[in-house]
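See below for the structure under consideration.
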Amino acid sequence: MTRIKNARRSFLIAAATVCAGLAVAAPARAQSQDELFDPDAIQELRLTINTRDLRDLRANFEKDTYYTADVQWRNIRVRSAGVRSRGGASRNPLKLGLRVDFDRYVTGQKFLGLKSIVLKNLWQDGSMMHERIAMAFFARMGQPASRQSFCRLYINNELQGLYVIVESVDNSYLDRRLGEHAGYLYSYQFRGPFHGEYLGEDFAPYKERFQPQSHEKEGDTKLYLPIHDWLREMNEPDGAAWRRRVEQYIDLEQFMTHVAIEGFLAEDDGVLGVNGMNNFFLYRLPDSTRHRFLPWDKDGAFLVIDYSIFQRAHENLIFQRAYAIPDLRELYFQVLETAARSALEDGWLEAEVMRVAELVAPVVEQDTRKPFSTEAFYESVEFMKEFAQLRSKLVLQQVAEARRRR
Amino acid sequence: MKQKHFALGVAAYALLTIASPVAGQDVPPPAVVVQPESKHPEKSAAEGAKPPEQQPEKQTEKKAKKSEQDPGFRWTDHPSLRLGPGTHVDFRARLQGNLQHSDVSLSEEEGDSSIDVARRRVGIDGEILDLFDYQVEAELGVRRDPWRDVYLNYKQYGFAEVLVGKFKVPFSLEENTSATRLDFIHRSRIATLLAPGRDLGVMVHGRVLPGGWLRYELGVFNEDGSNARTYNPDRVHGERTLAGRALVQPFRSTKSLASDLAVGVSFTTSELPEGVSDLRGRTELDAPFYLPAVVVSGQRQRLGFEARWRPGPFSLKSEYIRLSDERLGQSVDNADLSPFVSSGWYVSGTWAVTGENKADGLESPRRPIFQGGFGAVELALRVERIRFGSGADDPTASNAPRSEVILGNADRVYTMGVNWYANRWIKVQANLVRNTIALPDQGPMPSQSGYWSRIVRFQFSM
Chain A
33 MTRIKNARRS
43 FLIAAATVCA
53 GLAVAAPARA
63 QSQDELFDPD
73 AIQELRLTIN
83 TRDLRDLRAN
93 FEKDTYYTAD
103 VQWRNIRVRS
113 AGVRSRGGAS
123 RNPLKLGLRV
133 DFDRYVTGQK
143 FLGLKSIVLK
153 NLWQDGSMMH
163 ERIAMAFFAR
173 MGQPASRQSF
183 CRLYINNELQ
193 GLYVIVESVD
203 NSYLDRRLGE
213 HAGYLYSYQF
223 RGPFHGEYLG
233 EDFAPYKERF
243 QPQSHEKEGD
253 TKLYLPIHDW
263 LREMNEPDGA
273 AWRRRVEQYI
283 DLEQFMTHVA
293 IEGFLAEDDG
303 VLGVNGMNNF
313 FLYRLPDSTR
323 HRFLPWDKDG
333 AFLVIDYSIF
343 QRAHENLIFQ
353 RAYAIPDLRE
363 LYFQVLETAA
373 RSALEDGWLE
383 AEVMRVAELV
393 APVVEQDTRK
403 PFSTEAFYES
413 VEFMKEFAQL
423 RSKLVLQQVA
433 EARRRR
Chain B
1298 MKQKHFALGV
1308 AAYALLTIAS
1318 PVAGQDVPPP
1328 AVVVQPESKH
1338 PEKSAAEGAK
1348 PPEQQPEKQT
1358 EKKAKKSEQD
1368 PGFRWTDHPS
1378 LRLGPGTHVD
1388 FRARLQGNLQ
1398 HSDVSLSEEE
1408 GDSSIDVARR
1418 RVGIDGEILD
1428 LFDYQVEAEL
1438 GVRRDPWRDV
1448 YLNYKQYGFA
1458 EVLVGKFKVP
1468 FSLEENTSAT
1478 RLDFIHRSRI
1488 ATLLAPGRDL
1498 GVMVHGRVLP
1508 GGWLRYELGV
1518 FNEDGSNART
1528 YNPDRVHGER
1538 TLAGRALVQP
1548 FRSTKSLASD
1558 LAVGVSFTTS
1568 ELPEGVSDLR
1578 GRTELDAPFY
1588 LPAVVVSGQR
1598 QRLGFEARWR
1608 PGPFSLKSEY
1618 IRLSDERLGQ
1628 SVDNADLSPF
1638 VSSGWYVSGT
1648 WAVTGENKAD
1658 GLESPRRPIF
1668 QGGFGAVELA
1678 LRVERIRFGS
1688 GADDPTASNA
1698 PRSEVILGNA
1708 DRVYTMGVNW
1718 YANRWIKVQA
1728 NLVRNTIALP
1738 DQGPMPSQSG
1748 YWSRIVRFQF
1758 SM
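For the protein sequence lines, the chains are A and B, in the order given. For the first sequence, my numbering assigns the number 33 to the initial residue and increments by one for each residue that follows. For the second sequence, my numbering assigns the number 1298 to the initial residue and increments by one for each residue that follows.
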């Protein structure tokens, strides 16, 4: 009898231990990428950087110099990550735009399976929601897009303001969106106006603009010859074989889809950007010479409500040539129409604007480093609501008009 | 490349033609010069003075001294201008060229083989009124800081001589051994990378205690030597440096085999400004295997132990060096981090196959070439290891500038050598070197940790 009691007690102790273990383990297990990129939450991210490094980082914000930082999110602390200033026009010493590479110094180190993240400072966007809503819309349209979430960023326990945590375009991004990452990934670097012109035989101008994010150690021929060939073929005279030749190097249908979504979003700093092509990644599929576009950095979206669906379309050589082909032109129109209807469907775009505005407003009010007033934020939110209400109708009108003209 | 081969060929021919007539002349046997103990800072305390029983007969010495003191020009080992009793100017020249081949690429230009002119030095040294030693030596063909030893030594009192100028900081047996007298083509990694090297300073040194069995050197230097220093302004090195070295020869006055046994300890301490440490890991052929990004601040301290014993034709030598850079206030939250430690050791041995007494030096072989002999032949073996940081043993280690545990890297080196001392001017050395890099991804061959190098050195010195 005593033996049975002892056995029962042992069983209860063991069961309690297992339950306690699970209870302890549960929070850790719950801390996943999905939770980090929870669209309904404001995360709290803390960076610890040596005072001298932080001073240097602010003083040299225009350089890409890395500094050591510990990164804390909830009960996860990643030590010795590499942090550097990032961005183009948004770079500034007050509210730093940052890139965090977890494996910069510690080989193989990851944070929730991520090798790196970008902390966008929302410096050029009064509503502070362009990036987040534009990327969500790309995803809604079935295109690959970085996951994002808002956060309060603290550096050395001092609030830096409202930031967006952006998932980097890297191998895990490619795995999640395209199911593999064996191809060649390039980040487009803005080096002055470029509209798809042939850049010549020398690889140097290609290397300047298309920075490899994978296969970095491979030779120039392997890395740049397909891009060179794409631009050369694309700039050849029209002919029956033009499309077949060019489509060896670029997925023209995906390109037109990408440009149409940017057009709907009134993105002024994208592929048909004000300063030429900008803000995209290029991915070449494995064992192929064919490339596709991936969206990046959409804080230049939502410029004006009546933004033309042909804004600077005549400047971009790739778009011009593709638009001249009837089925690609029709695809462009169809994607614009789909985008317009999708934004309207159940009032998705307006609801998203309202939801995000409500989520971030308290942090925006605390954000003393933002380059505009809190009143300006609320005005920008009003504009975003108006955009959500009117943009679809205007785009559908523009498409109908364009069809009539043809 | 062809030009370099041609140049080396011409140089080798020139050396032989210079050496041959001199050797061919009816030159009397080299006068035995009693080496003033502190005359040459490169000759370490252990290398410098010979025990009394090893010195030549006093009569011979007197005669030699008298003839030496007569004013005029002499040329025995080297040209010398005698200006009066105890005052002379000796003219020195040294040329060393290496032929080297390695499994790793030595340079983009030359691939895995190269010819390297290691040293082209000229200078003068001598004495003034038997009260001072001096030396002025420069490296030819070097634009930045061509001066090597430039010093004046006041030697009136053997127990407390005073040396002023630019000379080697008293730390490390091998670093303070002249490059012409090394057992191997290259010094050990610890002597090259962790010992300070030359700097401007003032030093008191001498022999004390009965029989002079304790030799000491204590000096203050402008900075902590040129060995680790880079010309990269972003990297920091030790500033004002205090250095000391004590060497004990407990059996110096005995006639036993142990009379040459010497053991020593040395230290340096310097202020270290805040910045990235200037230390670097490089192999003997200058291939980098560790370039730290570690931010340091506080004190730089070195501690060294050395031992040497040369019984008959054999020698055994060993050193251990530990260099520690403090990291005060250098963590990400401004707290102190554990010091950045670099350390290493070597053990080496030689055997003069032709029977010369190692303690007397093999520079003047018993049967020189061109004088009916073949010169002296010596075999040498060295095992060594140098390590920066903690190595890969600690899973939390990384190469982050502010990492608590520094990953670093390490190199283990085996060197096998043959030295041929043709005559007092010409020496040829051949070394076979096996490097094993602990973390090869930081080394010259990321795909493999071990590789071989083969080096031959031709040396002319007078």
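Heads up, the beta-carbon is just placed ideally off N, CA and C, and yes, glycines get one too.
Name, in chain order, the residues that DSSP records as bridge partners for N1716/B. E1675/B, Q1726/B
Taking all protein chains shown into account, decide if E433/A is buried (16 or more other Cβ within 10 angstroms of its Cβ) or exposed. exposed
Pull up the distance between the alpha-carbon of I1752/B and that of M1713/B, whole angstroms please. 11 Å
In terms of residues, what are the limits of the alpha helix (DSSP H) holding E418/A? 406 to 437
Just the Cα atoms here: how many angstroms apart are P1636/B and V1499/B? 29 Å
Could you pull the DSSP bridge partners for V1419/B from this structure? A1390/B, A1435/B
Taking contact to mean at least 3 C-beta pairs separated by less than 8 Å, is the stretch 1692 to 1702 of chain B in contact with the stretch 132 to 143 of chain A? yes
Checking the sheet assignment: what are the DSSP bridge partners for R1495/B? K1465/B
Excluding the 5 residues flanking Y1748/B on each side, which residues of the same chain have their C-beta closer than 8 Å to its C-beta? S1399, D1400, V1401, R1731, N1732, P1741, M1742
If contact means a Cβ-Cβ distance below 9 Å, which residues of the stretch 1620 to 1648 of chain B contact chain A? G1626, Q1627, S1628, V1629, D1630, N1631
Contacting positions in the stretch 1684 to 1698 of chain B - beta carbon closer than 7 Å to chain A: S1695, N1696, A1697, P1698
Distance check for R435/A and A345/A, CA to CA, integer angstroms please. 16 Å
Are any of the Cβ atoms in chain B nearer than 8 Å to that of T253/A? no
Taking its Cβ as the centre, do 16 or more other Cβ atoms sit within 10 Å of N1473/B, making it buried, or is it exposed? buried
Report the residue from P237/A, A389/A, T80/A, A272/A whose alpha carbon sits nearest the alpha carbon of H260/A. P237/A
Roughly how far, in whole angstroms, is the beta-carbon of S1574/B from the beta-carbon of V1533/B, given that I think they are within contact range, below 8 Å? 7 Å
Opening and closing residue of the beta strand (DSSP E) in which S1758/B lies: 1747 to 1758
For S1700/B, which residues in chain A fall below 9 Å Cβ to Cβ? T100, R111, S112, Y137, V138
Excluding the five sequence neighbours on either side, which residues of its own chain have a C-beta within less than 6 Å of the C-beta of V1419/B, listed in chain order? A1390
Bridge-paired residues (DSSP) for P244/A: Y218/A
Can you tell which of K1655/B, F1685/B, P1376/B has the C-alpha that lies nearest to the C-alpha of I1703/B? F1685/B
Sequence-distant residues of the same chain with beta carbon closer than 7 Å to A214/A, five excluded per side: P318
Between which two residues does the beta strand (DSSP E) carrying W105/A extend? 99 to 105
Kindly indicate which residue of S1469/B, G1561/B, A1673/B has the alpha-carbon position closest to the one of D1657/B. A1673/B
Measuring CA to CA, which of E94/A, R87/A, L79/A is closest to R184/A? L79/A
Are the CB atoms of R1245/B and L1588/B nearer to each other than 8 Å? Only positions 1298 to 1759 of chain B appear in the structure, and residue 1245/B is not among them; the question remains open.
Strictly under 8 Å for the Cβ-Cβ distance: is I337/A near chain E by that measure? Absent here is chain E; the protein component of the structure consists of chains A and B.
In angstroms, rounded to a whole number, what distance separates the CA positions of R373/A and V431/A? 13 Å
Which of helix, strand or coil does DSSP assign to V396/A? helix
C-beta contact flag for L1515/B and S1750/B at 8 Å: no
Could you pull the start and end residues of the beta strand (DSSP E) that Q352/A belongs to? Here Q352/A belongs to no beta strand (DSSP E); instead the alpha helix (DSSP H) covers 349 to 355.
For the alpha helix (DSSP H) that D261/A lies in, which residues bound it at each end? 252 to 266
Count the other C-beta atoms from every protein chain shown that fall within 10 angstroms of the C-beta of S181/A, then say buried if there are 16 or more, exposed otherwise. buried
Using a beta-carbon distance below 8 Å, is T370/A in contact with chain B? no
Given 8 Å, three or more beta-carbon pairs between the stretch 202 to 212 of chain A and the stretch 226 to 242 of chain A: no
Should N82/A be flagged as near chain B, meaning a C-beta pair shorter than 8 Å? yes
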